[in-house]
Amino acid sequence: MRFSSCDRHSFVSFVALTTCRVLTIMLKLRFVNKNMCFKFLQYCHYGTIENLAINKPTLYGDEISPPVRFIMMTASILGIDLNFHKIDLFKNENKSEYFTKINPLQKVPALMVGDISICDSHAIAIYLCHICNGSSLYPNEPLLRAKINQMLFFNSSTLFRIDSEILSAYFSQQWPVNDRKIEEWLLALDYLEYNLNENIWLNGTKMYLADICTFPVVTSLAQLFVLTDRHPKVRQWIKKFENYPFYEINKKGLSDLQNFIDMIKNGKS
Numbered sequence: 002m003r004f005s006s007c008d009r010h011s012f013v014s015f016v017a018l019t020t021c022r023v024l025t026i027m028l029k030l031r032f033v034n035k036n037m038c039f040k041f042l043q044y045c046h047y048g049t050i051e052n053l054a055i056n057k058p059t060l061y062g063d064e065i066s067p068p069v070r071f072i073m074m075t076a077s078i079l080g081i082d083l084n085f086h087k088i089d090l091f092k093n094e095n096k097s098e099y100f101t102k103i104n105p106l107q108k109v110p111a112l113m114v115g116d117i118s119i120c121d122s123h124a125i126a127i128y129l130c131h132i133c134n135g136s137s138l139y140p141n142e143p144l145l146r147a148k149i150n151q152m153l154f155f156n157s158s159t160l161f162r163i164d165s166e167i168l169s170a171y172f173s174q175q176w177p178v179n180d181r182k183i184e185e186w187l188l189a190l191d192y193l194e195y196n197l198n199e200n201i202w203l204n205g206t207k208m209y210l211a212d213i214c215t216f217p218v219v220t221s222l223a224q225l226f227v228l229t230d231r232h233p234k235v236r237q238w239i240k241k242f243e244n245y246p247f248y249e250i251n252k253k254g255l256s257d258l259q260n261f262i263d264m265i266k267n268g269k270s
């Protein structure tokens, strides 16, 4: 007998829910080990069992995109295995009928989980943290999480927007970009510098989701505008990432991006 993805989803959900109920009763009757029971219930809460029974999620994107690298690095840190389907931005594959059905906004990244798509890098990263209890990157403590969210929203509304506008202008050969836009970028870096004045990471003494989110954005635009002495803490912060295995993901994406930058510079577009 064959089961559809939806059928498997429903069946596993039913089994997990039933098992949780049985274990809860057995725990009350002291028939099972408390630690083992709590661990299983935690797995059920984060959907770990459910996700194991479904095909691994597919990430659609292009490694030249900072938000795509953000998700790839997050998945690497959390030990989550994703299928990767390249959507070549320089071939406008993001505007194809195929991809538009996945994300009507025609932007990368997009994550397909079963037949459900998640189409914002910040939402995808938070989802990945939830399904594997990634509290090391996205802690449950309310105030710390609020500060991490603050930086994620800053990236979404300001940092990446500026990065995207400047790089888009460069690749469409609307260059040089006006001074106002450059100053806007420098002011955004000033905010990062401010956060790093008293901390080695953006939200304290540990690396969190906010750092992984903003790192590929800053390093991407640094391919056009080298960081100066105006932002020494930002430069030191970037250097710290070199000690982590996931750094290679960003390094490869930057190399691909630099190749396209050089093509425009050399008039080979």
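The opening residue of the sequence shown carries number 2 in our numbering; numbering runs sequentially from there. Positions of the beta carbon are idealized from the N, C-alpha and C atoms, including for glycine. Treat the numbers as computed from the prediction; the structure is a model and nothing was measured.
Taking Phe242 as the reference, give the member of Met208, Asn196, Gln174 with the closest Cα. Among Met208, Asn196, Gln174, the Cα nearest to that of Phe242 is on Met208.
Cβ atoms of Val178 and Ala170: under 7 Å apart, would you say? Yes. Within cutoff.
Starting from the N-terminal side, write out each stretch of the alpha helix (DSSP H) that is 4 residues or longer and does not extend beyond the segment 94-143. Taking only runs of at least 4 residues, the alpha helix (DSSP H) segments lying wholly in the segment 94-143 are 98-103, 122-132.
Which class does Tyr171 belong to by DSSP, given the choice of helix, strand or coil? Three-state result, Tyr171: helix.
Pro110 versus Asn93 - alpha carbon distance: Pairing Pro110 with Asn93, the inter-Cα distance amounts to about 14 Å.
Span of the alpha helix (DSSP H), counted from its first residue to its last, around Tyr61: Judged by DSSP secondary structure, Tyr61 falls outside any alpha helix (DSSP H) and instead within the beta strand (DSSP E) spanning 59-62.
I'd like to confirm the pairing. Which residues does DSSP put opposite Asn84 in its beta bridges? In DSSP, Asn84 forms a bridge with Thr59.
For Ser173, count neighbouring C-beta atoms within 10 Å of its own C-beta (all shown protein chains included) and say buried if the count is 16 or more, exposed if not. Burial check for Ser173: the Cβ neighbour count within 10 Å stays below 16, so the residue is exposed.
Candidates Val235, Gln175, Ser136, Leu153: closest to Asn198 by CA position: Minimum Cα distance to Asn198 is reached at Val235.
Minimum C-alpha distance to Ser221 - residue among Met152, Asn56, Val69: By alpha-carbon distance to Ser221, the top candidate from Met152, Asn56, Val69 is Val69.
Classify Ala147 as buried or exposed, calling it buried when 16 or more other Cβ atoms lie within 10 Å of its own Cβ. It is exposed - the Cβ of Ala147 has fewer than 16 other Cβ atoms within 10 Å.
Same chain, Cβ closer than 8 Å to His46, five either side skipped, listed in chain order: Note that His46 scores a pLDDT of 45, beneath 50, so its modelled location is shaky; the value from the coordinates is reported in the next line. Within the same chain, His46 has no close Cβ partners at all.
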